[in-house]
Amino acid sequence: GVDPLCKAYVLTGDRRYAETAKIWALEAARWDPDGVTRINDFGDSRIMLSMALVYDTLHALLDDPEKQQLLKAVAARGGNFYRDYKNNKEAVVLSNHVWQHIFHYLFDTALAVQGDLPEADEWLTYLYEMFLARAPILGDTDGGWAHGLSYFTMNMAVLVDVPQVLKKVTGFDFIKHTPWYWENTYYFLYAFPPGSAGSGFADNSDDLPEPQGDYLAYADALSRLVQNPYAAWYRDRITDLSQKNDAIGIQLEDTTMLRWYRLKYLYGIAPAEPKSPEGLPKARVFEGVGLVTMHSQDLAKTPEKNLFLAMRSSPFGTYSHMLADNNSFNLVYGGDRLFYHTGYKVAMNAPHRQLFYKHTKSHNGILIDGQGQPYHTEAYGWIENFLTGDSVSYAVGNASNAYDSESEQFDAGLKTFKRHTLMLDPDIVVIYDELEAKKPVDWSFLLHSYHEINLNSANRVLFTDNGMGRAKVHLFASDQDTWTVTDKYEVPAESWRGLRDKQGELLQYPDNAWHFAASTGKVKRARFLAIVQVKPSGELMDYDFSELQKIDRDSFMLGNWSLTVPMDVSMEARIDILNTSDGVAFTSSGKELEAGDEVFQARSSNSAILAEQVNGNWIFKEAIPGIPSAAEIALKALNLNSGASY
Numbered sequence: 138g139v140d141p142l143c144k145a146y147v148l149t150g151d152r153r154y155a156e157t158a159k160i161w162a163l164e165a166a167r168w169d170p171d172g173v174t175r176i177n178d179f180g181d182s183r184i185m186l187s188m189a190l191v192y193d194t195l196h197a198l199l200d201d202p203e204k205q206q207l208l209k210a211v212a213a214r215g216g217n218f219y220r221d222y223k224n225n226k227e228a229v230v231l232s233n234h235v236w237q238h239i240f241h242y243l244f245d246t247a248l249a250v251q252g253d254l255p256e257a258d259e260w261l262t263y264l265y266e267m268f269l270a271r272a273p274i275l276g277d278t279d280g281g282w283a284h285g286l287s288y289f290t291m292n293m294a295v296l297v298d299v300p301q302v303l304k305k306v307t308g309f310d311f312i313k314h315t316p317w318y319w320e321n322t323y324y325f326l327y328a329f330p331p332g333s334a335g336s337g338f339a340d341n342s343d344d345l346p347e348p349q350g351d352y353l354a355y356a357d358a359l360s361r362l363v364q365n366p367y368a369a370w371y372r373d374r375i376t377d378l379s380q381k382n383d384a385i386g387i388q389l390e391d392t393t394m395l396r397w398y399r400l401k402y403l404y405g406i407a408p409a410e411p412k413s414p415e416g417l418p419k420a421r422v423f424e425g426v427g428l429v430t431m432h433s434q435d436l437a438k439t440p441e442k443n444l445f446l447a448m449r450s451s452p453f454g455t456y457s458h459m460l461a462d463n464n465s466f467n468l469v470y471g472g473d474r475l476f477y478h479t480g481y482k483v484a485m486n487a488p489h490r491q492l493f494y495k496h497t498k499s500h501n502g503i504l505i506d507g508q509g510q511p512y513h514t515e516a517y518g519w520i521e522n523f524l525t526g527d528s529v530s531y532a533v534g535n536a537s538n539a540y541d542s543e544s545e546q547f548d549a550g551l552k553t554f555k556r557h558t559l560m561l562d563p564d565i566v567v568i569y570d571e572l573e574a575k576k577p578v579d580w581s582f583l584l585h586s587y588h589e590i591n592l593n594s595a596n597r598v599l600f601t602d603n604g605m606g607r608a609k610v611h612l613f614a615s616d617q618d619t620w621t622v623t624d625k626y627e628v629p630a631e632s633w634r635g636l637r638d639k640q641g642e643l644l645q646y647p648d649n650a651w652h653f654a655a656s657t658g659k660v661k662r663a664r665f666l667a668i669v670q671v672k673p674s675g676e677l678m679d680y681d682f683s684e685l686q687k688i689d690r691d692s693f694m695l696g697n698w699s700l701t702v703p704m705d706v707s708m709e710a711r712i713d714i715l716n717t718s719d720g721v722a723f724t725s726s727g728k729e730l731e732a733g734d735e736v737f738q739a740r741s742s743n744s745a746i747l748a749e750q751v752n753g754n755w756i757f758k759e760a761i762p763g764i765p766s767a768a769e770i771a772l773k774a775l776n777l778n779s780g781a782s783y
């Protein structure tokens, strides 16, 4: 209430806005700062900021007793936050509310009263140093964001505003000297393409059908602040695609996100000229947050026929708004969810969220004896390898340390979980899991969809159709397995909060998804192989798909693609691929690779090597497995080096 009143007064000079803001702020100043209004940190911090805004914005309209009343109240609430933060928040992995909003509120409060409230200098010094040391709190230099696409919007304002204030006050351009801001454009370009559902990880990411106003506004900000031309293209593409349903479409001036900051900073900075992402690689890895994104078509194309795969295996682990989904994947076709994380957030501590939505059970991942990954920073993974070319993209997620946590006193007995993921041009995805435990366990391979899953167990095939694309999945296991499917959530979601949607209707949480599991008997080692083929929806029948020919237990032909994938657990896990028609060869095993008359010798015995014929010449690419620095630190800190599988 007070914030828009102050802004309205600044813009119009109308004293009615100022007088109303004064009444509210002076009333809040009479409240006990250690009483009931302190229970909720968001509410407490908004009260603090509201009083500071009135003190600063309406300073000439306040008499001395009113100024002192506001300063005293601001000092009490700001002091509470500062004492709570000092020697605490700068060291913990993440304090979610602090970095979403409250840091920003305390920063603005300190600026508003600096010079009149002595302790504000100490607050500003602390906040300045913490921001330089930790921001962006959930990103690495490659531009990703560990909390996913929905909760990223909660951080847009602080990521834009605080650096601009620092630049104005100190002359230091934090954005210019922080590579994350330039790379961040690629995060939403690859993980949340215009017109498409996104990567789907973390709380509420499943509720975003496509990027709209918030992402349009943020992309516009980056197009100005870092002059990234792809950000400008992304902004314009959101408007263009939204015009399908509205002749005008979503316009920048209609978006509330960053509106005040556009007035303060951005309209004075010319945006970059838009540049189409045509020709950029179709896949990208964000190692720092543990995310792989793969697309079947050029990023500049509209999503109607795009097959989009995302896999997460993160050094950040699982906590706060992150979910227990290391080495899980989501698959989107035509911009809509195909195989995807299911369930509802409801509320942080709701039984459905605690026991299903955030649990590994709700993801396209692996269960061990029916158990998933513990909810802790100690349960983490990483992207071990990544390679992309014109017709093949490949990644390995390593979740070998994702199923135990000393702090949670949980250990599933896992030794190795590596998930090899490939996308083959134009419509094939291969998922190959190598699994080993310390003792015999029951392994379960999970798939979820918001559309009906139909099984043909005899032929080891399952289908689903999202209306844009129809998926046919051949699934194989190293041991005899049992298939089950249900359209019921294991823990029902209940609308106990009484929340309503944008139309005012009471939110309902129906059983709107299908859940598949393939479970082995008790074995120490296992392999799963899923070969997914996706075609545009229509009158598709089984025979419209390319026929999968099983040459032997380990060898397959699908269209022009020949695959060798050992399912015998006593053999080395590897993938060899050959497409003689299109001139493609691939191996994950690091052996020398022959292509035509040429032989490529790998630098490492476990490299991934890709050979593609381009204009009559063979182009070779090699990717050597590694451990991101964040995962290396975790391995050393937990003294797990001896048991980890690299």
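Here the sequence shown stands for residues 138 to 783, where the numbers follow the numbering used here.
Each residue gets a CB set at the ideal place from its N, CA and C atoms; glycine is no exception.
The structure presented is a predicted model; accordingly, all values stated were derived computationally and were not measured.
Problem - Closest residue to Ala270 among Leu636, Ser530 and Thr315 (Cα-Cα distance) - result: Stepping through the sequence shown from its first residue, residue 270 is reached at position 133. Taking only the C-alpha atoms, the option nearest Ala270 is Thr315.
Practice task
Could you tell me if Arg474 is buried or exposed, where buried requires 16 or more neighbouring beta carbons within 10 angstroms of its beta carbon?
Solution key: On the sequence shown, position 337 is the one that residue 474 refers to. Counting Cβ neighbours within 10 Å, Arg474 comes out buried, since at least 16 surround it.
Handout entry: Identity of the residue in Thr623, Asn217, Val566 and Lys576 nearest Leu592 by Cα
Key = Along the sequence shown, one-based indexing puts residue 592 at 455. Checking every option, the nearest Cα to that of Leu592 belongs to Thr623.
Practice task
Can you check the region 417-498 for any beta strand (DSSP E) of at least 3 residues that lies completely inside it and give the ranges in chain order?
Solution key: 420-423, 428-432, 444-449, 465-470 and 473-476
Exercise for the section: Output the boundary residues of the beta strand (DSSP E) element that contains Arg167. Expected result: Here residue 167 refers to the residue found at position 30 when the sequence shown is read from its first residue. No beta strand (DSSP E) holds Arg167; DSSP gives it neither H nor E.
Practice task
Check the DSSP bridge columns for Trp651 and list the partner residues they point to.
Solution key: On the sequence shown, residue 651 is found 514 positions in, with the first residue counted as 1. For Trp651, which the question treats as bridged, DSSP gives the partners Ser586.
Exercise for the section: Could you give the DSSP three-state label for Ala283: helix, strand or coil? Expected result: Your numbering for residue 283 matches position 146 in the sequence shown. If DSSP states are grouped into helix, strand and coil, Ala283 belongs with coil.
Exercise for the section: Run through the region 240-317 for me and flag every whole alpha helix (DSSP H) of 4 or more residues, listed as ranges in chain order. Expected result: 240-250, 256-271, 285-289 and 293-307
Handout entry: Cβ-Cβ distance between Thr322 and Tyr367 below 8 angstroms
Key = Counted from its first residue, the sequence shown places residue 322 at position 185. Counted from its first residue, the sequence shown places residue 367 at position 230. The answer is yes: Cβ separation under 8 angstroms.
Practice task
Tell me whether His196 is buried or exposed, calling it buried when 16 or more other Cβ atoms sit within 10 Å of its Cβ.
Solution key: Residue numbering aside, residue 196 sits at position 59 when the sequence shown is read from its first letter. His196 should be labelled exposed.
Practice task
Can you grab the Cα-Cα spacing for the pair Arg662 / Ile239, in whole Å?
Solution key: Taking the sequence shown and counting its residues from 1, the one referred to as residue 662 is at position 525. Taking the sequence shown and counting its residues from 1, the one referred to as residue 239 is at position 102. About 48 angstroms.
Exercise for the section: On the DSSP bridge assignment, give the partners of Trp755 in chain order. Expected result: Locating residue 755 in the sequence shown gives position 618, counting from the first residue. Its beta-bridge partners are Gln750.
Exercise for the section: Please report how far the alpha carbon of Gly641 lies from the alpha carbon of Gly635, in whole angstroms. Expected result: Residue 641 sits at position 504 when you count from the first residue of the sequence shown. Residue 635 sits at position 498 when you count from the first residue of the sequence shown. So the two alpha carbons sit approximately 11 angstroms from each other.
Practice task
Measure how close the beta-carbons of Gly281 and Gly425 come, nearest whole angstrom, since I'm counting them as under 8 angstroms.
Solution key: Within the sequence shown, residue 281 is the residue found at index 144, counting from 1. Within the sequence shown, residue 425 is the residue found at index 288, counting from 1. The pair is a contact, with the Cβ atoms about 6 angstroms apart (cut-off 8 angstroms).
Practice task
Give me the Cβ distance between Ile387 and Gln349, rounded to the nearest whole Å; I'm assuming they're in contact under 8 angstroms.
Solution key: Here residue 387 is taken as the residue at index 250 of the sequence shown, counted from 1. Here residue 349 is taken as the residue at index 212 of the sequence shown, counted from 1. Their Cβ separation, rounded to whole angstroms, is 6 angstroms, which keeps Ile387 and Gln349 in contact under 8 angstroms.
Problem - Nearest neighbour of Pro762, chosen from Ser725, Tyr494 and Pro331 [CA to CA] - result: On the sequence shown, residue 762 is found 625 positions in, with the first residue counted as 1. Among Ser725, Tyr494 and Pro331, the Cα nearest to that of Pro762 belongs to Ser725.
Handout entry: Residues near Leu190 in its chain [Cβ-Cβ closer than 7 angstroms; skip 5 each side]
Key = Locating residue 190 in the sequence shown gives position 53, counting from the first residue. Answer for Leu190: Val139, Asp140, Cys143 and Ala249, listed in chain order.
Practice task
Go through its chain and collect everything with a Cβ distance to Asn603's Cβ below 8 angstroms, but skip five positions before and after it.
Solution key: Taking the sequence shown and counting its residues from 1, the one referred to as residue 603 is at position 466. The answer, listed in chain order, is Tyr470, Gly471, Asp473, Arg474, Leu475, Ser586, Tyr587, His588 and Ser674.
Exercise for the section: Starting from the C-beta of Thr260, find all residues in its chain whose C-beta is less than 7 angstroms away, skip the five residues before and the five after it, and write them out in chain order. Expected result: Along the sequence shown, one-based indexing puts residue 260 at 123. Per the sequence shown, the amino acid found at residue 260 is Trp instead of Thr. So the qualifying residues of the chain are Gly215, Tyr219, Leu243 and Ala247.
Handout entry: Beta carbon of Gly252 nearer than 8 angstroms to that of Trp317
Key = If you number the sequence shown from 1, residue 252 lands on position 115. If you number the sequence shown from 1, residue 317 lands on position 180. Their beta carbons are not under 8 angstroms apart, which means Gly252 does not touch Trp317 by this criterion.
Handout entry: Cβ contact (3+ pairs, closer than 8 angstroms) linking the region 198-205 and the region 167-183
Key = no
Practice task
Confirm, please, whether the CB-CB distance from Glu759 to Arg740 is below 8 angstroms.
Solution key: Mapped onto the sequence shown, residue 740 falls at position 603. Mapped onto the sequence shown, residue 759 falls at position 622. A contact, by the Cβ cut-off of 8 angstroms.
Handout entry: Exposure label - Ser450; buried when at least 16 CB within 10 Å
Key = If you number the sequence shown from 1, residue 450 lands on position 313. Buried.
Problem - Nearest to Pro563 (by Cα), restricted to the options Arg399, Gly526 and Lys625 - result: Working through the sequence shown from its first residue, we reach residue 563 at position 426. The option with the nearest alpha carbon to Pro563 is Gly526.
Practice task
Identify, in the order they occur along the chain, each residue of the same chain with its Cβ nearer than 6 angstroms to the Cβ of Thr97, setting aside the five sequence neighbours on each side.
Solution key: Past the boundaries of the shown model lies residue 97; the chain is included only from 138 to 783, so the question cannot be answered.
Exercise for the section: Could you spell out the range, first to last residue, of the alpha helix (DSSP H) harbouring Asp351? Expected result: What you label residue 351 is simply residue 214 of the sequence shown in a count that begins at 1. Segment Gly350 to Leu362, the alpha helix (DSSP H) holding Asp351.
Problem - At least three beta-carbon pairs within less than 8 angstroms, the region 730-748 to the region 516-534 - result: yes
Handout entry: Other residues of its chain near Asp638: CB distance less than 7 angstroms, five sequence neighbours each side excluded
Key = The residue given as residue 638 occupies position 501 in the sequence shown. Here the set comprises Leu644.
Exercise for the section: Flag this pair as touching only if the region 279-296 and the region 432-446 have three or more C-beta atom pairs under 8 angstroms; answer yes or no. Expected result: no
Exercise for the section: Could you please give me the residues that DSSP links to Lys672 through a beta bridge? Expected result: Position 535 of the sequence shown, counted from the first residue, corresponds to residue 672. Partner(s): Arg607.
Handout entry: Cβ shell of Tyr477 (< 6 angstroms), same chain only, five flanking positions each side left out
Key = Looking up residue 477 in the sequence shown gives position 340. Cβ neighbours of Tyr477 beyond the five flanking positions: Gly337 and Asn467.
Handout entry: Span separating the alpha-carbon of Ala155 from that of Asp648
Key = Along the sequence shown, read from residue 1 onward, the residue named residue 155 stands at position 18. Along the sequence shown, read from residue 1 onward, the residue named residue 648 stands at position 511. Whole-angstrom Cα-Cα distance: 50 angstroms.
Exercise for the section: Measure the CB-CB distance between Gln380 and Ala409 and report whether it falls below 8 angstroms. Expected result: Within the sequence shown, numbered from 1, the residue matching residue 380 stands at position 243. Within the sequence shown, numbered from 1, the residue matching residue 409 stands at position 272. Going by C-beta atoms, Gln380 is not nearer than 8 angstroms to Ala409.
Handout entry: Among Leu296, Gln546 and Asn177, the one whose alpha carbon lies nearest that of Ile274
Key = Counting from one through the sequence shown, the residue named residue 274 turns up at place 137. It is Leu296 whose Cα lies nearest to the Cα of Ile274.
Handout entry: Beta-bridge pairing of Leu715 - partner residues as DSSP gives them
Key = Residue numbering aside, residue 715 sits at position 578 when the sequence shown is read from its first letter. According to DSSP, Leu715 bridges with Ser699 and Ala722.
Exercise for the section: Could you tell me which of Val533, Pro414, Gln670 and Glu571 sits nearest to Ala608, measuring between CA atoms? Expected result: Here residue 608 refers to the residue found at position 471 of the sequence shown. When each option's Cα is compared against that of Ala608, the closest is Gln670.
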